[in-house]
Amino acid sequence: MKHDCQDLIRLFNACFSGDYNTVLLGGAAEPEYLPADAEHRHHRILFTRDYFRSALHEVAHWCVAGAERRLLPDFGYWYAPDGRDAQQQRAFEQVEVKPQALEQLFCEAAGHRFSVSMDNLGGEPTDPEPFRLAVQAQRDRYLAEGLPERPVRFIRALTGFYRPGVLPQGHTEPYAGSLLPPGNAVCA
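So the sequence shown is numbered by numbering that gives the first Met the number 0: it starts at 0 and just counts up by one.
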């Protein structure tokens, strides 16, 4: 299966450019979220180069951010770059559980391989297993308790495009097909 970032851009923009005034754009040197301003009428999610997983990860952050945070550059969060010590890495992992759980669901919907990202190649080594288990537990909680509207909308679009009729593991409700609104083949 071909996983092309241009397809992600098209799917995301079809889902969210209208009522959320947000677009997904590739080709950035670093991922970034920029709210609309005098020069740009849309909020912009920028992902790294043409990396499929970078796009899914940044969309996941956007899906976690509330309305007020979506008005701030990078959602108003401070980011500790690669090279974190163990304490900084634990703090990083705490805020990454929900986005990476959504990213995992997005990967599943698109039929793309997922693995957690520790994002700390030059930092103090830490055991990835507790973080991997926390992400998996959050993913399972999302499926058991329900997902917010924006991730469901994107999962429906991904599943409808990449895996029509397929259900995410552990979920009983289809994301595609009859749940898509009339006249909208990519997004619900």
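Note that the Cβ used here is the ideal one computed from N, Cα and C, for glycine as well.
Everything numeric in this text was worked out from a predicted model, so none of it was measured.
For R138, the uninterrupted alpha helix (DSSP H) segment begins and ends at 128-144. For E95, the enclosing alpha helix (DSSP H) begins and ends at 85-109. Taking C-beta atoms as the reference points, A54 and C4 count as a pair closer than 7 Å. In terms of Cβ geometry, H111 and H2 form a close pair [threshold 7 Å]. Looking at the DSSP output, R43 sits in a beta bridge with V22, L33.
A Cβ-Cβ separation of about 5 Å places I44 in contact with E57 under the 8 Å criterion. Taking C-beta atoms as the reference points, A100 and V134 count as a pair closer than 7 Å.
By the criterion of a C-beta distance shorter than 7 Å, R68 is surrounded in its chain by F74, G75, once the five residues flanking it on both sides are discounted.
Y141 is classed as buried because its beta carbon has at least 16 other beta carbons within 10 Å across all chains shown.
For the options F153, G164, Q87, L33, the alpha carbon positioned closest to that of L10 is the one of F153. Here A27 is bridged, per DSSP, to T47.
The beta carbons of H39 and P98 sit no closer together than 7 Å.
Non-local beta-carbon contacts of V165 in its own chain, meaning distances under 7 Å to residues more than five positions away in sequence, involve T158 in chain order. Here F113 carries a coil assignment [DSSP, helix/strand/coil].
A straight line joining the alpha-carbon of F130 with that of A136 spans about 10 Å.
P72 and A85 have their alpha carbons spaced roughly 27 Å apart.
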